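Working notes for the structure below.
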């Protein structure tokens, strides 16, 4: 920690974090090293907040902890960026969501096993930010992977009362492997 | 724009966006109002970058535009926050990516010819889903194979402004072709 | 003299431990075959390694022996990585050609055409591959987002956030899952049985409740009004959670209250 100051560490972590940061998480930044006390942290946070006075972002405390937030007066400018029509989710995103909806609670590794491709962190983040999926726990295997499940908001947004109302996807498979094999057999006869 | 300065608007917009912001997007911030010229914008960006000297974040230009990023020295602290290890890529994946980055646009067949082994479909999919490569066309030869190239996001994620900034791989090889041939000649005598 | 590449060529790591016994020529003992196939990116990679590190003399290779052995791999490999073994075989064929040319006296007075020289072609390929290999290593060393540096971001004001995110139609989701299943079937030999959805939903619900409270009683999970079907679903969900090691059931003594807890490593 010698040449990097506590203030700089907190400042960087607050900007890197997408969620408000709690005092507990701030202490975690120091790993095995001796973490600063809550008093020290709050003192540094206060002085950091002061340094950002008059800038375009301000350091505020919310329920979940501390975060940097773009000041409200800039809203009209930022709104000019967003008039474009909504984009579409990639196939990878849809498949990940489908896996979570139908196979929950499920880990990323399990999704990867079925999809045969690594699941990008960004996809999981996108779905989390959308409020459709959430971490409901951790699987007690090495690495303690997060268990993902869909939320009530997911049901609401898709007009479902419960997951049981999800259509049975197995019926939709157009050409399952067996059919393909059957076809081949027929042709070879 | 009266009491909010141009610098503050850019600063806020840069912090509000996860993706790098292009000059074009910066002009869009001003909606129907008269947008500043590129020259003005670059001037303000330069002075903003200077103000953040010595802070925990710095203003960087990459292929897609400008973004704030947390300074490298803080990465070990941030790593303490999560149990998740950042994704590692296999040699096969990296070699495929390298072929596409250095030889683009390139077909899968061309990659296979150089690597001497088949290119796994999953590798191409993983790179596509990561947003690093894309199909830019088809080669007009039998089978019309897809031509693969890297994306702007690839450059952004590797902190590059353009492909020219890629490390020069030819310099990394010590033994030139002629020497190898000489060796063989000597051995066969 | 062989010029060594500066620095260390990466030594293959097999399941975390370095591979110490490396082949001395292109012959790979059958029991090490799988290891070699995993450690090297293909015949070019292996050959490059042998030339750079082991001072392999291409001309001195006992090509007949290697070819015979390569042929026997093919039987061994039928179920495994046939296409990869084939690539090694092509390499052996190329070496055989080089060797046979080296052994034959060249006709007096006829200068051999460079373009026809299989050695020149092999070396061109080896160097081209080596360039790619080095580029891949250089690429991996570049600072990369989320690994070496992080994007700085601040919370946007509310109005800004409320821009329409993409919408998804339920049918798109179902279709995506259908395609996934079809693909998974094509690639997997056996079909895994999954719990019915109602059970999986209840499993998520239980885990969600355990996020707020360290333990639950069984009665917390049986909701009056759901009737017997509800009890059965809850019961199945708990059993499945326990089976998958996601929860633990705890009872102090016989007949006393049963608690459900999140599984921990030490339970």
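Chains as they are written, first to last, in our numbering: chain A, 74 to 262; chain B, 74 to 262; chain C, 1151 to 1417.
Glycine is no exception: its CB is placed at the ideal position from the N, C-alpha and C atoms.
Source: prediction; values computed, not measured.
Chain C contact for residue i (CB, 7 Å cutoff)
{"i": "residue 78 of chain B", "result": "no"}
{"i": "residue 142 of chain B", "result": "yes"}
{"i": "residue 145 of chain B", "result": "yes"}
{"i": "residue 187 of chain A", "result": "yes"}
{"i": "residue 130 of chain B", "result": "yes"}
{"i": "residue 150 of chain B", "result": "no"}
{"i": "residue 168 of chain B", "result": "yes"}
{"i": "residue 139 of chain B", "result": "no"}
{"i": "residue 190 of chain B", "result": "yes"}
{"i": "residue 222 of chain B", "result": "no"}
{"i": "residue 193 of chain A", "result": "no"}
{"i": "residue 125 of chain A", "result": "no"}
Under the three-state DSSP convention, the category residue i falls into
{"i": "residue 131 of chain A", "result": "strand"}
{"i": "residue 1409 of chain C", "result": "strand"}
{"i": "residue 195 of chain B", "result": "helix"}
{"i": "residue 1365 of chain C", "result": "strand"}
{"i": "residue 140 of chain B", "result": "strand"}
{"i": "residue 1341 of chain C", "result": "Unreliable positioning characterises residue 1341 of chain C in this predicted model, as indicated by a pLDDT of 48, which lies under 50. The coordinate reading is nonetheless provided below. Residue 1341 of chain C falls in the coil class under three-state DSSP."}
{"i": "residue 231 of chain B", "result": "coil"}
{"i": "residue 119 of chain B", "result": "helix"}
{"i": "residue 1254 of chain C", "result": "coil"}
{"i": "residue 200 of chain B", "result": "helix"}
{"i": "residue 1305 of chain C", "result": "strand"}
{"i": "residue 1327 of chain C", "result": "helix"}
{"i": "residue 1299 of chain C", "result": "strand"}
{"i": "residue 208 of chain B", "result": "strand"}
{"i": "residue 1282 of chain C", "result": "helix"}
{"i": "residue 110 of chain A", "result": "coil"}
{"i": "residue 187 of chain A", "result": "helix"}
{"i": "residue 1402 of chain C", "result": "coil"}
{"i": "residue 220 of chain B", "result": "strand"}
{"i": "residue 169 of chain A", "result": "helix"}
{"i": "residue 1423 of chain C", "result": "One cannot answer for residue 1423 of chain C here, as it falls past the ends of chain C, which runs 1151 to 1417."}
Residue i Cβ short of 6 Å to the ligand GTP heavy atom set
{"i": "residue 1254 of chain C", "result": "Judged by which ligands are present, the structure shown has none, so any question about the ligand GTP falls away."}
Rounded Cβ spacing between residue i and residue j (contact assumed at less than 8 Å)
{"i": "residue 85 of chain A", "j": "residue 135 of chain B", "result": "Not a contact, Cβ separation roughly 19 Å."}
{"i": "residue 1194 of chain C", "j": "residue 1275 of chain C", "result": "6 Å"}
{"i": "residue 153 of chain A", "j": "residue 103 of chain B", "result": "7 Å"}
{"i": "residue 151 of chain A", "j": "residue 1307 of chain C", "result": "7 Å"}
{"i": "residue 1237 of chain C", "j": "residue 197 of chain B", "result": "So it is not a contact: roughly 18 Å between Cβ atoms."}
{"i": "residue 139 of chain A", "j": "residue 118 of chain A", "result": "6 Å"}
{"i": "residue 1360 of chain C", "j": "residue 1412 of chain C", "result": "5 Å"}
{"i": "residue 1198 of chain C", "j": "residue 1280 of chain C", "result": "6 Å"}
C-beta neighbour in chain A for residue i, strict 7 Å
{"i": "residue 1307 of chain C", "result": "yes"}
{"i": "residue 75 of chain B", "result": "For residue 75 of chain B, the predicted model reports a pLDDT of 44, less than 50, meaning its position is unreliable and no value from the coordinates is stated."}
{"i": "residue 231 of chain B", "result": "no"}
{"i": "residue 177 of chain B", "result": "no"}
{"i": "residue 96 of chain B", "result": "no"}
{"i": "residue 155 of chain B", "result": "no"}
{"i": "residue 89 of chain B", "result": "yes"}
{"i": "residue 1399 of chain C", "result": "no"}
{"i": "residue 207 of chain B", "result": "no"}
Short CB-CB distance (under 7 Å) between residue i and chain B
{"i": "residue 1194 of chain C", "result": "yes"}
{"i": "residue 226 of chain A", "result": "no"}
{"i": "residue 1188 of chain C", "result": "no"}
{"i": "residue 1341 of chain C", "result": "Its pLDDT being 48, under 50, residue 1341 of chain C is placed unreliably in this model, and the coordinates cannot settle the point."}
{"i": "residue 1199 of chain C", "result": "no"}
{"i": "residue 165 of chain A", "result": "yes"}
{"i": "residue 1128 of chain C", "result": "An answer regarding residue 1128 of chain C cannot be provided, because it is not within the stretch 1151 to 1417 covered by chain C."}
Candidates the options: closest to residue i by CA position
{"i": "residue 231 of chain B", "options": "C:1237, C:1292 and C:1323", "result": "C:1292"}
{"i": "residue 211 of chain A", "options": "C:1402, C:1408, C:1409 and C:1394", "result": "C:1394"}
{"i": "residue 113 of chain B", "options": "B:125, B:99, B:123 and B:147", "result": "B:99"}
{"i": "residue 178 of chain B", "options": "B:149, B:166, B:108 and B:222", "result": "B:222"}
{"i": "residue 1328 of chain C", "options": "A:205, A:81, A:188 and A:216", "result": "A:188"}
{"i": "residue 237 of chain A", "options": "A:205, A:175, A:215 and A:161", "result": "A:175"}
{"i": "residue 1295 of chain C", "options": "B:205, B:219 and B:220", "result": "B:205"}
{"i": "residue 96 of chain B", "options": "B:242, B:214 and B:115", "result": "B:115"}
Pair within 7 Å by beta-carbon distance, residue i and residue j
{"i": "residue 183 of chain B", "j": "residue 192 of chain B", "result": "no"}
{"i": "residue 1288 of chain C", "j": "residue 168 of chain B", "result": "no"}
{"i": "residue 91 of chain B", "j": "residue 1303 of chain C", "result": "yes"}
{"i": "residue 143 of chain B", "j": "residue 1300 of chain C", "result": "yes"}
{"i": "residue 80 of chain B", "j": "residue 132 of chain B", "result": "no"}
{"i": "residue 165 of chain B", "j": "residue 1191 of chain C", "result": "yes"}
{"i": "residue 209 of chain A", "j": "residue 1354 of chain C", "result": "yes"}
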